[in-house]
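*Asks:* If you read the sequence shown in the working numbering, its first letter stands for residue 15, the second for the next number, and so on.
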Amino acid sequence: MAYVILIIALLVVFLIVGGLFFLRPGRRRAAPPAPAAPAAPPTPPAEGQPPGGAAAEASGTIAPEAPPLPEVPAAPAIEKPPPSAGRMVRLRARLARSQGAFGSVLLGLLSRDALDEAAWEEIEDTLITGDVGVGPSRQIVTELRTKTKVAGTRKPEEVRQMLKAELLAQIGMNGERALHLDPRGNRPAVVLMVGVNGTGKTTTCGKLARVMVGDGRAVVLGAADTFRAAAVDQLQTWGQRVGATVVRSDREGADPASVAYEAVGEGIAERADVVIVDTAGRLHTKTGLMDELGKVKRVIEKRLPVDEVLLVLDATTGQNGLRQARVFAEVVDVTGIVLTKLDGTAKGGIVIAVQRELGVPVKLVGLGEGPDDLAPFEPEAFVDGILGT
Ligand code: GDP
C-alpha cells in the first residue's frame with residue numbers, strides 16, 4: 015500500500031514540475047513573414063548545428079533571438095493604370111478649366127439680342143484668336159449666320175447646339191482616329207514618336223505605355239533619344255512603373271537607329287503587343303532631321319513595319335507649333351498627332367488648325383502632367399469641354 019501511495023505522490027510531483035515547465039513564459043512561435051516584405055534568404059545553420067526550428071522545439075531549448083535582418087528596400091510595385099476608354103470624358107473638367115473662357119465668350123456673343131455685322135466679326139475674331147485658323151473660322155461664321163437666320167431663334171440651348179455642330183463638323187475626321195496598333199500574329203505593332211524637344215514627347219511615350227498597359231497590352235519602350243541622358247532615364251522610370259522593358263544604350267549619343275532596332279528585336283523576343291520608340295527632336299536642320307528619323311524608320315523596317323508615326327505638338331505654341339508640324343510632315347509620314355498641354359491653353363482651336371495643316375487626325379491629347387493625363391481624342395467630349403456642357 016505504502017508503495018502505491020509513494021508511486022501516486024511521485025506521479026503528482028512529476029506532473030506539477032512538467033506543467034510548470036510547459037507554462038514558462040518566453041516561448042514564441044516563429045512570426046509569419048510580413049506580407050509585403052520581400053523574401054529574405056534563409057540563414058544557413060552554423061556548421062554542426064541543427065537547423066533550429068522543429069528540432070530546437072522538440073528538444074525544448076529556446077533558440078537565441080535572431081539578430082534583426084537588414085531592411086531590404088521593397089521592390090517598386092507595378093502599377094495598373096486605368097484603361098483608355100472614357101479617359102477624355104473623365105478629364106473633361108480640365109478642358110472646361112482651360113477652354114471654358116473661349117467657349118463662354120463665343121456663346122455670349124451668339125446670345126446677343128442683335129447679331130449685327132460687328133457681332134459676327136467679333137465671333138470670327140474670337141475663333142481666330144482661339145487658333146481655329148482663318149479659313150475654318152470664316153466657314154463656321156457663315157454656317158452660323160445662315161442657321162440662326164433660318165431657325166429665327168437664339169435660345170441659349172439652341173445656340174449651343176448649333177455651335178457644337180459647327181465645331182464638330184470642322185474637327186471631322188472621325189473614322190480615322192483610332193491607333194492602328196493591333197499586333198500581327200505574334201509580332202508587335204510599332205509606334206515611332208517624333209517631335210521637337212520640349213513638346214512632351216518622352217512623357218507621351220511613357221503615358222502611352224500606360225494607356226496600352228491599362229488596356230491589357232504588353233509594351234516595350236525604346237529610348238532612341240540618345241542625345242539626352244535625362245530622356246533615357248525618364249523613359250526608364252516610366253517603363254519600370256508599369257513593368258515594361260526599356261531598351262536603352264548607356265552611351266550618350268549612341269546611334270538612335272540601333273537602339274530602335276534593338277527595341278523592336280526585344281519586342282519580338284518578348285512577344286510584346288506594342289513597341290514604342292522615343293526619338294530625338296533636335297530641329298537643327300531639315301536635312302539632319304530627315305537623315306536621323308529616316309534612318310531610324312528604315313532600320314526598324316528591316317525587322318517590322320512601323321504602324322504609327324505620332325507627331326507630338328505642344329498646343330500652347332500656336333503658329334510656331336504648326337510650322338514645326340509642317341517640317342516633320344515633310345520628313346516622315348506622320349499618321350497621327352498627339353496634342354499635348356491642352357490643359358495649359360485656351361486655344362483649343364489648334365485641333366482644327368493642325369488637322370487642316372497636315373491632313374492627319376489628332377489621335378491623342380495631353381491634359382496634364384499626371385501619368386494618366388493622356389486620352390484618346392474624342393471630338394464630342396472635347397467640344398462639350400469647350401462649351402461647358
Ligand atoms: P520632350 O523633350 O519632348 O521629350 O518633352 P518631355 O516629355 O520631357 O516634357 C516636357 C515637359 O512637358 C515636362 O515637364 C512634362 O511634364 C510636360 N508635359 C508633357 N505633356 C504635358 C501635358 O499634357 N500637360 C502639361 N501641363 N504638361 C505636359
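Glycine is no exception: its CB is placed at the ideal position from the N, C-alpha and C atoms.
Give me whichever residues DSSP pairs with residue 393 in a beta bridge.
*Replies:* Locating residue 393 in the sequence shown gives position 379, where the first residue counts as 1. Answer is none; residue 393 lacks a bridge partner.
*Asks:* Does the beta-carbon of residue 225, which I'm using as the reference point, lie nearer than 8 angstroms to any heavy atom of ligand 1?
*Replies:* Numbered from 1 along the sequence shown, position 211 holds the residue referred to as residue 225. Not so, every heavy atom of ligand 1 lies at least 8 angstroms from the Cβ.
*Asks:* Look up residue 271 in the DSSP assignment and give the residues it is bridged to.
*Replies:* Translated into positions along the sequence shown, residue 271 becomes position 257. Per DSSP, none; premise fails for residue 271.
*Asks:* Where do the N-terminal and C-terminal ends of the beta strand (DSSP E) with residue 207 fall, by residue?
*Replies:* As a first step, residue 207 is located in the sequence shown; it is residue number 193 there, counting from the start. Residue 207 -> beta strand (DSSP E) spans 203–208.
*Asks:* Who does residue 322 pair with in a DSSP beta bridge?
*Replies:* Sequence index remark: in the sequence shown, residue 322 carries index 308 (1-based). BP columns for residue 322 point to 205.
*Asks:* Is it the case that the CB of residue 332 approaches a heavy atom of ligand 3 more closely than 8 angstroms?
*Replies:* This structure lacks ligand 3; its bound ligands are ligand 1.
*Asks:* Take the Cβ of residue 333 as the centre, count every other Cβ of all protein chains shown within 10 Å, and call the residue buried at 16 or more, exposed below.
*Replies:* For this step, residue 333 is matched to residue 319 along the sequence shown. By the neighbour-count rule (16 or more Cβ atoms within 10 Å), residue 333 is not buried but exposed.
*Asks:* Sort out for me which residues DSSP pairs residue 327 with in a bridge.
*Replies:* Against the sequence shown, residue 327 aligns to sequence position 313. Paired residue(s): 353.
*Asks:* On a CA-only basis, which of 170, 130, 171 is nearest residue 155? Give me that one, please.
*Replies:* For this step, residue 155 is matched to residue 141 along the sequence shown. Considering only alpha carbons, the answer is 130.
*Asks:* So which of 103, 159, 207 has the shortest CA-CA distance to residue 324?
*Replies:* Here the question's residue 324 lines up with position 310 in the sequence shown. Out of 103, 159, 207, 207 has the C-alpha closest to the C-alpha of residue 324.
*Asks:* For the beta strand (DSSP E) containing residue 378, list its first residue and its last residue.
*Replies:* Position 364 of the sequence shown, counted from the first residue, corresponds to residue 378. Looking at the DSSP string, the run of the beta strand (DSSP E) that includes residue 378 is 376–380.
*Asks:* At a cut of 8 angstroms, does the region 255–270 reach the region 314–329 through at least three beta carbon pairs?
*Replies:* Taking 8 angstroms as the limit for Cβ pairs, the verdict is that the region 314–329 does not touch the region 255–270.
*Asks:* Below 8 angstroms on the Cβ atoms is my guess for residue 288 versus residue 233; work out the distance and round it to an integer in Å.
*Replies:* Within the sequence shown, numbered from 1, the residue matching residue 288 stands at position 274. Within the sequence shown, numbered from 1, the residue matching residue 233 stands at position 219. Rounded, the Cβ-Cβ distance is 5 angstroms, consistent with contact.
*Asks:* Secondary structure at residue 362, three-state DSSP: helix, strand or coil?
*Replies:* Taking the first residue of the sequence shown as 1, we reach residue 362 at position 348. Note: residue 362 maps to coil in three-state DSSP.
*Asks:* Hey, quick one: how far does the alpha helix (DSSP H) through residue 244 stretch, first residue to last?
*Replies:* Locating residue 244 in the sequence shown gives position 230, counting from the first residue. Where residue 244 is concerned, the enclosing alpha helix (DSSP H) stretches over 243–256.
*Asks:* So within the region 76–155, which uninterrupted alpha helix (DSSP H) runs reach at least 4 residues, ignoring any that extend past its ends?
*Replies:* Correct list: 101–104, 106–124, 131–143.
*Asks:* Verify the contact flag: residue 215, CB atom, against every heavy atom of ligand 1, threshold strictly below 8 angstroms.
*Replies:* For the purposes of this step, residue 215 is taken as the residue at position 201 of the sequence shown. Yes.
*Asks:* If you follow the beta strand (DSSP E) that residue 292 is part of, which residue opens it and which one closes it?
*Replies:* Here residue 292 is taken as the residue at index 278 of the sequence shown, counted from 1. Residues 288–293.
*Asks:* Tell me which residues share the same chain as residue 178 and place their Cβ nearer than 7 angstroms to its Cβ, disregarding the 5 neighbours each side in the sequence.
*Replies:* Stepping through the sequence shown from its first residue, residue 178 is reached at position 164. 397, 401.
*Asks:* Alpha carbon to alpha carbon, how far is residue 357 from residue 109? Give it in angstroms, no decimals.
*Replies:* For this step, residue 109 is matched to residue 95 along the sequence shown. For this step, residue 357 is matched to residue 343 along the sequence shown. Roughly 6 angstroms between the two C-alpha positions.
*Asks:* Reducing DSSP to helix, strand and coil, say where residue 199 ends up.
*Replies:* Position 185 of the sequence shown holds residue 199. It is coil, neither helix nor strand.
*Asks:* What is the DSSP secondary structure of residue 193, reduced to helix, strand or coil?
*Replies:* Residue mapping note: residue 193 aligns to position 179 of the sequence shown, counting from 1. Residue 193: coil per DSSP, three-state reduction.
*Asks:* Closest by CA to residue 330, which one among 98, 102, 113?
*Replies:* On the sequence shown, residue 330 is found 316 positions in, with the first residue counted as 1. Out of 98, 102, 113, 113 has the C-alpha closest to the C-alpha of residue 330.
*Asks:* Assign residue 239 to buried or exposed, taking buried as 16 or more other Cβ atoms, counted over all protein chains shown, within 10 Å of its Cβ.
*Replies:* Along the sequence shown, read from residue 1 onward, the residue named residue 239 stands at position 225. Burial call: buried.
*Asks:* Where residue 267 and residue 235 are concerned, what is the direct C-alpha to C-alpha distance, given to the nearest angstrom?
*Replies:* For the purposes of this step, residue 267 is identified with residue 253 of the sequence shown, where counting begins at 1. For the purposes of this step, residue 235 is identified with residue 221 of the sequence shown, where counting begins at 1. If I take the Cα positions, the gap works out to 18 angstroms.
*Asks:* Three-state secondary structure (DSSP) at residue 259?
*Replies:* To locate residue 259, count along the sequence shown from 1; it is residue 245. Residue 259: strand per DSSP, three-state reduction.
*Asks:* Where do the N-terminal and C-terminal ends of the alpha helix (DSSP H) with residue 335 fall, by residue?
*Replies:* Residue numbering aside, residue 335 sits at position 321 when the sequence shown is read from its first letter. Element bounds for residue 335: 332–345.
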